[in-house]
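Undergrad: I am attaching a structure below and will ask some questions about it afterwards.
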Amino acid sequence: MGSFGMLARRAVLTETPVMVQMQQLIGGVKDCLSLAQGVVHWQPPKKALDKVKELVWEPSVSRYGADEGLPELREALLKKLSNENNLQKSSVMVTAGANQAFVNTVLTLCDAGDSVVMFAPYYFNAYMSFQMTGVTNILVGPGDPKTLHPDADWLERILRETKPTPKLVTVVNPGNPSGTYIPEPLLKKISDLCTEAGCWLVVDNTYEYFMYDGRKHTCIEGNHIVNLFSFSKAYGMMGWRVGYIAYPSEVEGLASQLLKVQDNIPICASIISQRLALHSLEVGPEWVLDQVKDLVKSRELVKEALSPLGEDAVKGGEGAIYLWAKLPDKFGDDFEVVRWLAQKHKIALIPGSACGCPGHVRIAFGGLVEDDCRRASERLRRGLEELLKDGMV
Ligand SMILES: Cc1ncc(COP(=O)(O)O)c(C=O)c1O
95 MGSFGMLARR
105 AVLTETPVMV
115 QMQQLIGGVK
125 DCLSLAQGVV
135 HWQPPKKALD
145 KVKELVWEPS
155 VSRYGADEGL
165 PELREALLKK
175 LSNENNLQKS
185 SVMVTAGANQ
195 AFVNTVLTLC
205 DAGDSVVMFA
215 PYYFNAYMSF
225 QMTGVTNILV
235 GPGDPKTLHP
245 DADWLERILR
255 ETKPTPKLVT
265 VVNPGNPSGT
275 YIPEPLLKKI
285 SDLCTEAGCW
295 LVVDNTYEYF
305 MYDGRKHTCI
315 EGNHIVNLFS
325 FSKAYGMMGW
335 RVGYIAYPSE
345 VEGLASQLLK
355 VQDNIPICAS
365 IISQRLALHS
375 LEVGPEWVLD
385 QVKDLVKSRE
395 LVKEALSPLG
405 EDAVKGGEGA
415 IYLWAKLPDK
425 FGDDFEVVRW
435 LAQKHKIALI
445 PGSACGCPGH
455 VRIAFGGLVE
465 DDCRRASERL
475 RRGLEELLKD
485 GMV
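Residues in the sequence shown are numbered consecutively from 95, following the numbering used here.
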């Protein structure tokens, strides 16, 4: 024992979680402000929290629940999917967050050795989920250099030329780490390419309510499409761990295979968390939109702070809680820049290498209230100005 060789290659060869690395970095710097973690600064709706406060003594909260989720929550979610997302032919499974929803989906749809497709810059946890389930042939497609939209021409070619055909294509909309929104016609095009090739499309809609400048989020439905959702950011429920999978009802056997995976990971999402999710849904999306609208100010503060990098260097931010920036060419080691910014200027970002794009950084603007975001932005601007003028001294 004690040998690295005794550990599963599946785990050993999976990337190290960048957020854990960042938390360690931030923890080592006194008073560091974080524009690193993808979180929001609000708590769940008070009305919903007050209701679950009473529930701890209720015996059902301490028992297992149905694997696929509390019936009343699933019913409410089906209504929401129909009314808000125009998903009429979907079934729903409640999970311990969207990350677990993604792992469930990969375990249900992919075999070890399959190839899959994602686009750079990609969401690091999705990449890791493939790696640790043995799906190591991960084909990473380019984004449009200007808009960062997934390159549909590349996808068409790769789906045609790769044999066996990739099993699954995945996108995040709007995106993590870029905050780029995939317009409906492009999403439909990607979906059509998947239909023609006979592969799955998995769309992560974690940031469905986080849309700016009048844009509107849309979902699409099909027997080859799985849509994932999360309560974490919308309702400030990160620590409660609730997400859900909307999957096509008509696909025979899909529900029972998903159930096998679910039964062996969480069995069911935490019951009290599901109850909070239900009460939060009752408060409704208007509450969420009310929280989200104030993030526009934070986005502008951060954008302004990034301006020393030049206008063309900063992209995304049409939705979600992220901006994406290219560092000047001579600072290709983004981990080094992130470390320097944290240690010298007490401001934390995420290095783009974790998302398949060295020489870039992700900036998250949802975790700080406006005043703190202003302070963080001032530090970031100062840091970038110094970086450009004197380098990492
Ligand atoms: C695109 C995306 N999917 C999933 C997650 C994880 O969400 P959850 O807390 O619901 O697992 C995140 C969190 O940052 C995310 O950005």
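The beta carbon of each residue, even a glycine, is placed where N, CA and C say it ideally should be. On a predicted model such as this, the values are computed, not experimentally measured, just so you know.
Is any non-hydrogen atom of ligand 1 found closer than 6 Å to the C-beta of ASP388, if you look at the structure I gave you?
TA: Translated into the one-based positions of the sequence shown, residue 388 becomes position 294. Answer for ASP388: no, Cβ out of range of ligand 1.
Undergrad: Cβ of GLY337 within 6 Å of any heavy atom in ligand 1?
TA: Sequence index remark: in the sequence shown, residue 337 carries index 243 (1-based). Between ligand 1 and GLY337, a heavy atom-to-CB distance of less than 6 Å is present.
Undergrad: Could you have a look at TRP248 and say whether DSSP puts it in helix, strand or coil?
TA: As a position in the sequence shown, residue 248 is number 154, starting the count at 1. Helix.
Undergrad: Nearer than 6 Å: is that true of the beta carbon of GLY132 relative to any heavy atom of ligand 1?
TA: Sequence index remark: in the sequence shown, residue 132 carries index 38 (1-based). At least one heavy atom of ligand 1 is nearer than 6 Å to the Cβ of GLY132, so yes.
Undergrad: Are LEU281 and ASP298 closer than 7 Å when you measure CB to CB?
TA: Position 187 of the sequence shown, counting from 1, holds the residue named residue 281. Position 204 of the sequence shown, counting from 1, holds the residue named residue 298. The answer is no: Cβ separation not under 7 Å.
Undergrad: Could you say which of ALA291, PRO379, GLU398 and ILE276 lies nearest to HIS311 if we only look at CA atoms?
TA: Your numbering for residue 311 matches position 217 in the sequence shown. When each option's Cα is compared against that of HIS311, the closest is ILE276.
Undergrad: Determine, using beta carbons only, whether PRO215 and SER272 come nearer to each other than 7 Å.
TA: Translated into positions along the sequence shown, residue 215 becomes position 121. Translated into positions along the sequence shown, residue 272 becomes position 178. With respect to the 7 Å criterion, PRO215 and SER272 are classified as neighbours on the basis of their beta carbons.
Undergrad: Judging by CA-CA distance, which residue of ARG254, GLU394 and TRP248 is the nearest neighbour of ASP307?
TA: Residue numbering aside, residue 307 sits at position 213 when the sequence shown is read from its first letter. Among ARG254, GLU394 and TRP248, the Cα nearest to that of ASP307 is on GLU394.
Undergrad: Taking the beta carbon of TRP151 as the centre, do at least 16 other beta carbons fall within 10 Å, making it buried, or is it exposed?
TA: As a position in the sequence shown, residue 151 is number 57, starting the count at 1. Counting Cβ neighbours within 10 Å, TRP151 comes out exposed, since fewer than 16 surround it.
Undergrad: Can you tell me which of the three DSSP states ILE284 falls into?
TA: Translated into positions along the sequence shown, residue 284 becomes position 190. Collapsing the DSSP output to three states places ILE284 in a helix.
Undergrad: If you scan the stretch 292 to 375 from start to end, which runs of the beta strand (DSSP E) of 3 or more residues do you find wholly inside it?
TA: 294 to 298, 319 to 324 and 337 to 342
Undergrad: Between ASP465, MET486 and VAL396, which has its C-alpha nearest LYS438's C-alpha?
TA: One-based indexing of the sequence shown puts residue 438 at position 344. Cα-wise, what sits closest to LYS438 is MET486.
Undergrad: Three or more C-beta pairs closer than 8 Å, one from the stretch 165 to 181 and one from the stretch 138 to 149: is that the case here?
TA: no
Undergrad: Could you tell me the distance, in whole angstroms, from the CA atom of VAL229 to the CA atom of ALA436?
TA: Residue mapping note: residue 229 aligns to position 135 of the sequence shown, counting from 1. Residue mapping note: residue 436 aligns to position 342 of the sequence shown, counting from 1. So the alpha carbons of these two residues sit roughly 34 Å apart.
Undergrad: Just to check, is the beta-carbon of GLY292 closer than 6 Å to a non-hydrogen atom of ligand 1?
TA: Position 198 of the sequence shown, counted from the first residue, corresponds to residue 292. Taken from the Cβ of GLY292, every heavy atom of ligand 1 lies 6 Å or farther away.
Undergrad: If you check the beta carbons only, do SER367 and ARG335 fall under 7 Å apart?
TA: Translated into the one-based positions of the sequence shown, residue 367 becomes position 273. Translated into the one-based positions of the sequence shown, residue 335 becomes position 241. In contact: SER367 and ARG335 (Cβ atoms closer than 7 Å).
Undergrad: For a minimum of 4 consecutive residues, which ranges assigned as the alpha helix (DSSP H) are wholly contained in the stretch 456 to 483?
TA: Counting only runs that start and end inside the stretch 456 to 483, there is no alpha helix (DSSP H) element of at least 4 residues.
Undergrad: Give the single residue among LEU400, ALA414 and LEU181 whose Cα lies nearest to the Cα of LEU383.
TA: Here residue 383 refers to the residue found at position 289 when the sequence shown is read from its first residue. If you compare the alpha carbons of LEU400, ALA414 and LEU181 with that of LEU383, the shortest gap goes to ALA414.
Undergrad: Take ASP247 as the anchor and find which of PHE224, MET222, ARG456 and SER285 has the nearest alpha-carbon.
TA: Position 153 of the sequence shown, counted from the first residue, corresponds to residue 247. Here the closest residue by C-alpha is SER285.
Undergrad: Which class does PHE425 belong to by DSSP, given the choice of helix, strand or coil?
TA: By 1-based counting over the sequence shown, the position of residue 425 is 331. Three-state DSSP puts PHE425 in coil, outside helix and strand.
Undergrad: If contacts are defined as beta-carbon pairs under 8 Å, then MET187 and GLN356 qualify, I think. What distance do you get, rounded to the angstrom?
TA: Your numbering for residue 187 matches position 93 in the sequence shown. Your numbering for residue 356 matches position 262 in the sequence shown. Contact annotation, MET187 with GLN356: C-beta distance approximately 6 Å; criterion of less than 8 Å satisfied.
Undergrad: On the criterion of 16 or more Cβ atoms from any shown chain inside 10 Å, does TYR301 qualify as buried, or is it exposed?
TA: Reading the sequence shown from its first residue, position 207 is the one you call residue 301. Buried, because 16 or more other Cβ atoms sit within 10 Å of the Cβ of TYR301.
Undergrad: Are the stretch 176 to 190 and the stretch 327 to 346 touching by the rule of at least three beta carbon pairs closer than 8 Å?
TA: yes
Undergrad: Could you name the residues of the same chain whose beta carbon sits closer than 6 Å to that of ALA192, not counting the 5 residues immediately before and after it, in chain order?
TA: Your numbering for residue 192 matches position 98 in the sequence shown. Answer for ALA192: THR300, LEU322, SER324 and GLY337, listed in chain order.
Undergrad: For GLU481, count the other beta carbons within 10 Å of its own beta carbon; 16 or more makes it buried, fewer makes it exposed. Which is it?
TA: As a working note, residue 481 is residue 387 in the sequence shown. Per the sequence shown, residue 481 should be read as Leu rather than Glu. Within a 10 Å sphere around the beta-carbon of LEU481 sit 16 or more other beta-carbons, which makes this residue buried.
Undergrad: Please tell me whether, using a cut-off of 6 Å, the distance from the CB of THR312 to the nearest non-hydrogen atom of ligand 1 is below it.
TA: The residue labelled residue 312 in the question sits at position 218 within the sequence shown. Flag unset: Cβ of THR312 not near ligand 1.
Undergrad: Quick check: the stretch 290 to 297 against the stretch 250 to 264, are at least 3 beta-carbon pairs closer than 8 Å?
TA: yes
Undergrad: Please work out which residues of its chain come closer than 6 Å, Cβ to Cβ, to GLN385, disregarding the five sequence neighbours upstream and downstream, and give them in chain order.
TA: Looking up residue 385 in the sequence shown gives position 291. Answer for GLN385: TRP136, listed in chain order.
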